[in-house]
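Numbering (this note's numbering), first residue to last: 21 to 169.
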């Protein structure tokens, strides 16, 4: 047991806002459920109910990861991915889809997206993927440090 008194230290993020996941889906119940799951796993997140709304979020603050549905009116998941790749090529993109995709379409999608999940998604696999792509926010909690006498 250390003899020195502990000192409370906190790690601070340098250079900007807290990293967040942007969730994009035009189906409100799916979006709500995914939001609860991602927040419950300890990640900050924002939601967008359309591709256009996602673009607006990205213009305000670049997300760390974007999770999008494939089929949405107007700007769908592929269109959103092309917009993101042109502006933020390093942002990981996760696609969710309920569609059965033919092999050439799936191959094309895998070249654009970091990961692809078929709905209903396997939440454990999804969260493992998300955890690998997001910086650990748990490291930003206060910690006790013992300094030598």
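All C-beta atoms in this analysis are idealised placements derived from N, C-alpha and C, irrespective of residue type, glycine included.
Fair warning: this is a prediction, and the values are worked out from it, not measured in the lab.
Item: Fully enclosed by the region 27–81, which alpha helix (DSSP H) runs are 4 residues long or longer?; Value: 48–60 and 71–80
Item: On the criterion of 16 or more Cβ atoms from any shown chain inside 10 Å, does residue 35 qualify as buried, or is it exposed?; Value: Below a pLDDT of 50, predicted positions are generally treated as unreliable, and residue 35, at 45, falls in that range; the measurement from the model is reported next regardless. With fewer than 16 other Cβ atoms within 10 Å, it is exposed.
Item: Excluding five sequence neighbours on each side, which residues of the same chain lie with their C-beta closer than 7 Å to the C-beta of residue 92?; Value: 46, 70 and 71
Item: Contact check, residue 42 vs residue 77 under 8 Å by CB: the rounded distance?; Value: 6 Å
Item: Could you give the distance in angstroms between the alpha-carbon of residue 58 and the alpha-carbon of residue 64?; Value: 8 Å
Item: In its own chain, which residues sit with a C-beta less than 8 Å from the C-beta of residue 150, not counting the 5 before and 5 after it?; Value: 41, 58, 61, 63, 85, 87 and 114
Item: What does a CB cutoff of less than 7 Å around residue 161 pick up in its chain, not counting 5 residues either side in sequence?; Value: Residue placement at residue 161 is flagged as unreliable, the pLDDT there being 45, under the threshold of 50; a coordinate-derived value is accordingly withheld.
Item: Using alpha carbons as the reference points, say which of 140, 101, 111 and 134 lies closest to residue 120.; Value: 140
Item: Taking the Cβ atom as the reference point for each residue, do residue 90 and residue 98 lie within a distance shorter than 8 Å?; Value: yes
Item: When you compare the CB positions of residue 39 and residue 155, do they come within less than 8 Å of one another, or not?; Value: yes
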